Amino acid sequence: MKLRHLSVLCCLATFAAGAHADIYKRVDEDGHVTYSSVPIKGAKKLHLEPLPTMAPPAKPRNSDAASDFRVNSETQNRRDNTRRKILEDELATEQKALDDARAKLKDNQSFPEMLKDANGQPQPDPAKLREKVDNLQEDVSSHEKNIEALKTELSHLN
1 MKLRHLSVLC CLATFAAGAH ADIYKRVDED GHVTYSSVPI KGAKKLHLEP LPTMAPPAKP
61 RNSDAASDFR VNSETQNRRD NTRRKILEDE LATEQKALDD ARAKLKDNQS FPEMLKDANG
121 QPQPDPAKLR EKVDNLQEDV SSHEKNIEAL KTELSHLN
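If you read the sequence shown in UniProt numbering, its first letter stands for residue 1, the second for the next number, and so on.
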């Protein structure tokens, strides 16, 4: 196992040595510049200084970081009042929609859709009635849940 590690290390050292090659620059009669790692007739060896390495610049510390940023109480009260107004408007709209849905449900239960039977007499269609009542009850339930959620949000503002 140690022999294997040693051989891998030797291979890596060989590759690393190849990375430090000399560079040659040749300019021909037409002005074409050729760079090469192999000496070419008429080429000059370039002596390049290693690039300086330096630490990345420190990130500036912002004293107004979001974690400790606070608005003054007047601004916050104005925001809260605006939010409260929006929630109250939504609550009123949702309450009206709930009242309408309940009225539709009551009307549908009082006056179900009628089909004519074989004798031509109107009879309620139980399948359509059940489907319509289920949809209307689902609407009522949805509006009730929305109202509860809006009331919860409003209670958090108080």
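The C-beta atom is built at its ideal place from N, Cα and C for all residues, glycine as well.
Values in this document were obtained by computation on a predicted structure and should not be read as measured data.
- A straight line joining the alpha-carbon of residue 70 with that of residue 79 spans about 13 angstroms.
- Secondary structure at residue 86: helix, using DSSP grouped into helix, strand and coil.
- The C-alpha of residue 157 lies about 19 angstroms from the C-alpha of residue 94.
- Membership of residue 152 in any beta strand (DSSP E) is not indicated; the residue belongs instead to the alpha helix (DSSP H) covering 126-157.
- According to DSSP, residue 34 shares a beta bridge with 26.
- Between the region 73-93 and the region 130-142 there are fewer than three C-beta pairs closer than 8 angstroms, too few to call the two in contact.
- At least 9 angstroms separates the beta-carbon of residue 91 from that of residue 139.
- Residue environment: residue 51 is assigned as exposed (fewer than 16 neighbouring CB atoms within 10 Å of its CB, all protein chains considered).
- Secondary-structure assignment with DSSP links residue 44 through a beta bridge to 25.
- The C-alpha of residue 154 is placed about 7 angstroms away from the C-alpha of residue 87.
- Between residue 38 and residue 24, the CB-CB gap stays under 9 angstroms.
- Of the residues 101, 85, 108 and 129, the one whose Cα lies closest to the Cα of residue 151 is 85.
- Sorting 55, 144, 26 and 147 by C-alpha distance to the C-alpha of residue 46 places 26 at the top.
- In this structure residue 98 touches residue 144 by the C-beta definition: roughly 6 angstroms separates them, less than 8 angstroms.
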